[in-house]
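Numbered by our numbering, the letters in the sequence shown go through residues 130 to 327 in order.
To start, the structure itself, in structure tokens.
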Amino acid sequence: MVVPEFCTANNMKTMLKVYGVGDHGGGPTRRDLEKLIEMNTWPAFPAIQFGTFAEFFAAVEEETGDKLPVVDEELNSVFTGCYTTQTRIKQSNRIGEAKLFDAETCSTLNSLFVSGEYPSKTYEEAWRKILFNQFHDIITGSCVIDTREYAMGQFQQVLAAANTGYIQAVRNIASRIDTSALPGADEDCKYTTSEGAG
């Protein structure tokens, strides 16, 4: 929304514009400041005044008093609900970490005591996907929809790798456990549909 539209829509004469390089390197450069000073001389252009957030909000209070409307819906049309409702990414990240931990634990036990094999490449690729999606604009949800859906697809791949590794390791370990000497083992298990052990 440009300045005239914003001021008309909100019945205000003052609008805050934050400038500079933001999270990619800091505040305004000397060139930014010089350009803003030059823009202040342009005819039919809003007056520019450098100031602080406190000064801006004080000016808004003075202009509007208690006439500002209550805002109780999403204001950000691009990154909808990024800090509140985009919990799928955070949840999937945490589940992915936990599942990979469990899978690696079982695969380590399998490697040490049964087969000697460990799927390190599979787990490394899965961890790279987890770590990539911990980038500050992805894990917070402050990204475009395509990025969000791409991240969710990567989390599905992580879960597939973790679940496969976990199941293979547990099955391999379980296949080496002799339960035939347990009392009542055959009687208790005769009506199950599992592969059994022996």
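All C-beta atoms, glycine included, are put in the ideal place defined by N, C-alpha and C.
Keep in mind that this is a model prediction, so the values were computed, not measured.
Practice task
Pick out whichever of Leu145, Ala232 and Ala303 has its Cα sitting closest to the Cα of Ala176.
Solution key: Nearest option by C-alpha distance: Leu145.
Problem - C-alpha distance - His265 paired with Cys272, whole-angstrom precision - result: About 9 angstroms.
Practice task
Could you name the residues of the same chain whose beta carbon sits closer than 8 angstroms to that of Ala255, not counting the 5 residues immediately before and after it, in chain order?
Solution key: So the qualifying residues of the chain are Gly225, Leu229, Gln286, Val287, Ala290 and Ala291.
Exercise for the section: Tell me whether Leu241 counts as near the ligand MN, meaning its Cβ is closer than 6 angstroms to at least one heavy atom of that ligand. Expected result: Only the bare structure without any ligand can be found here, which leaves the ligand MN out of the picture.
Exercise for the section: Give a yes or no on whether the C-beta atoms belonging to Ile302 and Asn239 are separated by under 7 angstroms. Expected result: A contact, by the Cβ cut-off of 7 angstroms.
Exercise for the section: Return the Cβ separation of Thr158 and Val189 in integer angstroms, given the expectation that the two are a contact with Cβ distance under 8 angstroms. Expected result: Actually they are not in contact, since the Cβ atoms of Thr158 and Val189 sit about 28 angstroms apart, beyond 8 angstroms.
Problem - Rounded C-alpha distance that separates Glu191 from Asn139 - result: Cα to Cα, the separation comes out at about 14 angstroms.
Handout entry: Cβ neighbour criterion (16 or more within 10 Å) applied to Gln215
Key = It is buried - the Cβ of Gln215 has at least 16 other Cβ atoms within 10 Å.
Handout entry: Distance between Met168 and Thr193 (C-alpha atoms, nearest Å)
Key = Roughly 27 angstroms between the two C-alpha positions.
Handout entry: Inter-residue Cα distance where the pair is Tyr183 and Gln283
Key = For the record, residue 183 in the displayed sequence is Ala; it is not Tyr. In this structure, the alpha-carbon of Ala183 lies about 42 angstroms from that of Gln283.
Practice task
Give a yes or no on whether the C-beta atoms belonging to Tyr295 and Ala232 are separated by under 7 angstroms.
Solution key: Yes; because the gap between Cβ atoms is below 7 angstroms, this pair is in contact.
Practice task
Apply the 10 Å Cβ neighbour rule to Ser221 and answer buried if 16 or more other Cβ atoms are within range, or exposed otherwise.
Solution key: Buried.
Practice task
Could you pull out every residue in the same chain whose Cβ sits closer than 8 angstroms to the Cβ of Gly327, ignoring the five residues on either side in sequence?
Solution key: Residue confidence for Gly327 is low, a pLDDT of 46 falling below 50, so the modelled location carries little weight; the figure read from the coordinates is stated next. Counting only Cβ-Cβ distances below 8 angstroms, and skipping sequence neighbours, we find Asp307, Thr308 and Ser309.
Exercise for the section: Taking Gly149 as the reference, give the member of Leu162, Thr293 and Val299 with the closest Cα. Expected result: When each option's Cα is compared against that of Gly149, the closest is Leu162.
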